[in-house]
Amino acid sequence: MTASPGALHEAREAAAVVRRQAAQQAEVNEVARLLRTYRPRFVVMLADGLAECAAATLRYALEAHLRLPVVSAPPGGDARGVLVLVLSPSGDAPDLLGTVGQARGAGALTCALVGDAGSPVARGAELLLTLGAAHRPGEGHLATLTLGARLLQAWQADPGLADALEVLPDALARVAGDGHEAAVAATALSRAVRAQVLGLGMHAGVAAHTARQLQSAAGLPAQAVGAPDPEPHGGTLMLGFQARDGTAPFTAATLRGQLDQGAPLLLIGDDLPGRPAHLPTPPTGHALTDAAVSAAGAHLLIAHAARPPSTSAHPH
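Here this note's numbering is used: the first residue of the sequence shown is 1003, the next is one more, and so on.
In structure tokens, the structure reads:
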């Protein structure tokens, strides 16, 4: 398969994006200090189209890390004591801008993670952190995950997450490598008629984003699933994210069941017993940063499977 040069460059930019985010740690620390002072009762997480899948992962991480409830719609009436966290790589979603303004007017504290500090959403929020990345789908998704992880760590210290953030750039660089494993794995996509993408826990949002990108960039009909279709249609490929957290036994059992049925499987992440991953990812020591590395692996895979700009249909 012929990879898209632009998509490959974007996929390989992941480590540089994370290093740029590390350079703005002072700003992250200050926002985290203000959030600790504010002590929100709960969090409203809002996201534009490019960040909806990252929001799913960060919601899971925020609830686990801070034990704060997270909802997806601001309350009516008095919103004092509520944090509205806005994820918008583009920073120009009109519906988000209106909601941010209403939330501020009702007394909520608003904090935005955006790609452009001069964007309308950025100007509308009281607290601001920039992603250090373009708002293209893959790069914006990964940058939102990693900046969100950095903010959570600064908000409530976790030695495991701190160590994981230190090794994350090297882990991302290792995934990019020379791209040979991703290029080989991408050939399985060319033989598939459709795909189911399996990811649990913090990988559920990564699976959803991967399914979207398989459709838009590679022209392959795809759906994120929590469990595979028990009677998949012919030509259906299972793309599975095998994590190293508490979800690992469940995904392993599900994926092993697919193999036992003779279904084609493309594995990203950790190995299965007796079955090495097609696209292995190095562990970082924390479930959230591991999900970011998996997202980078999937992004690289899709870059190798991307359609040429002039092609309107998936090649068979």
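Ideal Cβ positions, reconstructed from N, Cα and C, are used throughout, including at glycine.
For residue 1155, the secondary structure class from DSSP, reduced to helix, strand or coil, is helix. With respect to the 7 Å criterion, residue 1098 and residue 1090 are classified as neighbours on the basis of their beta carbons. In the pairwise beta carbon analysis, the stretch 1178 to 1188 is classified as not touching the stretch 1061 to 1079: fewer than three pairs are separated by under 8 Å. In the three-state scheme derived from DSSP, where H, G and I count as helix and E and B as strand, residue 1245 is classed as coil. Judged by beta-carbon spacing, residue 1174 lies beyond the 7 Å limit of residue 1059, meaning their Cβ atoms are not closer than that value.
Taking a 10 Å sphere around the C-beta of residue 1014, we find 16 or more other C-beta atoms and assign the residue as buried.
Beta bridge pairing from DSSP links residue 1268 with 1241. Relative to the Cα of residue 1039, the nearest Cα in the group 1078, 1085, 1268 belongs to 1085. Positions of the alpha helix (DSSP H) runs, each at least 4 residues long and wholly inside the stretch 1027 to 1081, are given as 1027 to 1040, 1054 to 1068 in order along the chain. Cβ contact annotation for residue 1217 (same chain, cutoff 8 Å, sequence separation greater than five): 1223, 1224, in chain order. Inside the stretch 1181 to 1219, DSSP marks whole beta strand (DSSP E) runs of 3 or more residues at positions 1196 to 1200, from first to last along the chain.
By the CB criterion at 7 Å, residue 1251 and residue 1017 fall outside the cutoff. Taking the C-beta atoms as reference points, residue 1208 is found nearer than 7 Å to residue 1293.
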